[in-house]
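All residue numbers for the sequence shown refer to full-length UniProt numbering, where the first residue is 28 and numbers rise by one.
First the structure, in the form of structure tokens, and then the observations on it.
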Amino acid sequence: SQSTVILGIETSCDDTGCAVIDGTGRLLGESLYSQTALHTRYGGVNPIFAHELHHNNIDRAVTEALDKAGKTIKDVDAIAVTTKPGLILSLQVGAKYARYLSRIHSKPLIPVHHMEAHALVSRMYHKLELPFLVLLISGGHCLLALVKDIDDFLLLGKSLDNAPGEVLDKVARRMKLRNIPEYSQLCGGKALELAAQKSTNPSQFEFPLPLSKFRDCNFSFSGLKDSSVRKLIQKETEHNVMGDGLIPEVFDLCAAFQLAVAEHIAHRTHRAMMFCDKNMLINPENKAIVVSGGVACNNFIFQSIEHVGSKMGYRAYRPPPSVCTDNGVMIAWNGLEKLKKQCDIRTDFSLKEVVPE
Ligand code: KG4
Ligand code: ZN
Numbered sequence: 028s029q030s031t032v033i034l035g036i037e038t039s040c041d042d043t044g045c046a047v048i049d050g051t052g053r054l055l056g057e058s059l060y061s062q063t064a065l066h067t068r069y070g071g072v073n074p075i076f077a078h079e080l081h082h083n084n085i086d087r088a089v090t091e092a093l094d095k096a097g098k099t100i101k102d103v104d105a106i107a108v109t110t111k112p113g114l115i116l117s118l119q120v121g122a123k124y125a126r127y128l129s130r131i132h133s134k135p136l137i138p139v140h141h142m143e144a145h146a147l148v149s150r151m152y153h154k155l156e157l158p159f160l161v162l163l164i165s166g167g168h169c170l171l172a173l174v175k176d177i178d179d180f181l182l183l184g185k186s187l188d189n190a191p192g193e194v195l196d197k198v199a200r201r202m203k204l205r206n207i208p209e210y211s212q213l214c215g216g217k218a219l220e221l222a223a224q225k226s227t228n229p230s231q232f233e234f235p236l237p238l239s240k241f242r243d244c245n246f247s248f249s250g251l252k253d254s255s256v257r258k259l260i261q262k263e264t265e266h267n268v269m270g271d272g273l274i275p276e277v278f279d280l281c282a283a284f285q286l287a288v289a290e291h292i293a294h295r296t297h298r299a300m301m302f303c304d305k306n307m308l309i310n311p312e313n314k315a316i317v318v319s320g321g322v323a324c325n326n327f328i329f330q331s332i333e334h335v336g337s338k339m340g341y342r343a344y345r346p347p348p349s350v351c352t353d354n355g356v357m358i359a360w361n362g363l364e365k366l367k368k369q370c371d372i373r374t375d376f377s378l379k380e381v382v383p384e
């Protein structure tokens, strides 16, 4: 009901995110301490740094979310916290803090799977009935799954090598997009999306479609990354570009690379839709695909999913951008869904799988 209050805590990677929602799924307050700018500067997530920053921020992140919601910890009915998957030191900061709060205030704990939270949070914004298809694309993950129930996922495919966000970040870094002042503070994926919009001649660069011969739903991005770097080096040599310099075709290469990534993702998603249709895994009256994870913020990539979706009769959804990337809202929402189904509610205040006693 409306009087139920859930606190969600996320610390699995490099963002300290907290949120307070009520029993109807209304967001009451949230906070986010992002380390993106820092990690962009150092070229990737450093687990030791990430741990330290979570440690420094967790207390104020929780307090801020509660304050914004006009609530105190005493009003909270359950504390949901990410327990897997992620960087173990990072996960432990959130889990230990949640366990501490739950013990001193006698509040039940709800362990949350980070990927399941990404997948389900769309239900907070859209009327989405189960089962539905989900495409999770982020800096750490890449998978296609059928969400059969809130705690029952059928994995259809995953990346055999890198995650798409990781590859977008690496390529953006190698192309030195950070040296363009307007992009210097952005994550690689966002910088690349904006750079691609400035392209006038993307078709001068061609990329082969990865895994085109395979009839499964797996992904592979490392080949696209390597061939974009090869094309870049070739142009750098041609133009005699050195140090911090950019090639004149940088926007075209960004656009061509982004197109290749989008086409590959759309191709695998198409396969997943065909698989679900053929095996009657999805209600034909109600076919939906949810795209989530940081890369779902990319409009070009999302539109390519909408496009295959429209051909296959699937409506495509994604949460608002701030909820696609890592955040506390999705954890609180998952806590609420689990509370309603009484699924894995810990009243012994322990989270042994992440923080041994
Ligand atoms: O979900 P997320 O915050 O963290 C992980 O769980 O990985 O996703 C972060 C990733 C980064 O790789 C970032 O480059 C990518 O999401 N990203 C984007 C965009 N915004 C964020 N990629 C492409 N286009 C965007 N607009
Ligand atoms: Zn994530």
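Note that CB positions come from ideal geometry on N, CA and C, so glycine has one too.
- Under the DSSP assignment, residue 169 falls in the beta strand (DSSP E) whose first and last residues are 169-176.
- A Cβ-Cβ contact shorter than 8 angstroms links residue 319 with residue 346.
- Around the beta-carbon of residue 129, 16 or more other beta-carbon atoms lie within 10 Å, marking it buried.
- Set against 7 angstroms, the gap from the CB of residue 266 to the closest heavy atom of ligand 1 is not smaller.
- Distance from the CA of residue 359 to the CA of residue 284, rounded to the nearest whole angstrom, comes to 36 angstroms.
- According to DSSP, residue 373 shares a beta bridge with 136.
- DSSP places residue 106 in the strand class (E or B) of the three-state scheme.
- Among the bridge pairs identified by DSSP, residue 35 is matched with 46, 107.
- Straight across, the Cα-Cα distance linking residue 50 with residue 249 is about 43 angstroms.
- The closest heavy atom of ligand 1 lies less than 7 angstroms from the beta carbon of residue 353.
- DSSP lists 42 as the beta-bridge partner residues of residue 61.
- Around the C-beta of residue 134, 16 or more other C-beta atoms lie within 10 Å, and the residue is accordingly described as buried.
- Residue 139 and residue 222 do not touch by the CB rule: their CB atoms are close to 35 angstroms apart, not below 8 angstroms.
- Contact between residue 40 and residue 92 fails: their C-beta atoms lie close to 18 angstroms from each other, not under 8 angstroms.
- Bridge pairing for residue 258: absent [DSSP].
- If you check the C-beta of residue 312 against ligand 1, you find no heavy atom less than 7 angstroms away.
- Residue 146 sits away from residue 107, with the two beta carbons spaced by 8 angstroms or more.
- Here DSSP, grouped into helix, strand and coil, assigns residue 88 to helix.
- The segment 242-260 makes contact with the segment 189-201, as at least three CB pairs between them are under 8 angstroms.
- With contact defined as three or more Cβ pairs closer than 8 angstroms, the segment 316-333 and the segment 259-269 are not in contact.
- Residue 101 counts as exposed, since fewer than 16 other C-beta atoms from the protein chains shown sit within 10 angstroms of its C-beta.
- Judged by their CB atoms, residue 184 and residue 204 are not nearer to each other than the 8 angstroms cut-off.
- Nearest to residue 332 by alpha-carbon distance, out of 176, 349, 300, 220, is 300.
- Here residue 95 has 56 as same chain residues with Cβ atoms under 6 angstroms from its own Cβ, once five neighbours each way along the sequence are excluded.
- Sorting 306, 189, 352 by C-alpha distance to the C-alpha of residue 321 places 352 at the top.
- The three-state secondary structure of residue 100, taken from DSSP, is helix.
- For residue 165, the CB falls within less than 7 angstroms of some heavy atom of ligand 2.
- Residue pairing by DSSP places residue 179 opposite 176 in a beta bridge.
- Between ligand 1 and the CB of residue 321, the shortest heavy atom gap is smaller than 7 angstroms.
- Under the DSSP assignment, residue 332 falls in the alpha helix (DSSP H) whose first and last residues are 326-339.
- Residues of the same chain with a CB within less than 8 angstroms of the CB of residue 209, apart from the 5 flanking positions on each side, are 221 in chain order.
- Cβ neighbours of residue 187 within its own chain (closer than 6 angstroms, five residues either side excluded): 245, 247.
- Contact check for residue 153 against residue 113 fails: the beta carbons are separated by 8 angstroms or more.
- A Cβ-Cβ contact shorter than 8 angstroms links residue 37 with residue 109.
- Contact between residue 42 and residue 62 holds: their C-beta atoms lie close to 7 angstroms from each other, under 8 angstroms.
- Contact between residue 122 and residue 382 holds, with the beta-carbon distance rounding to 5 angstroms and staying under 8 angstroms.
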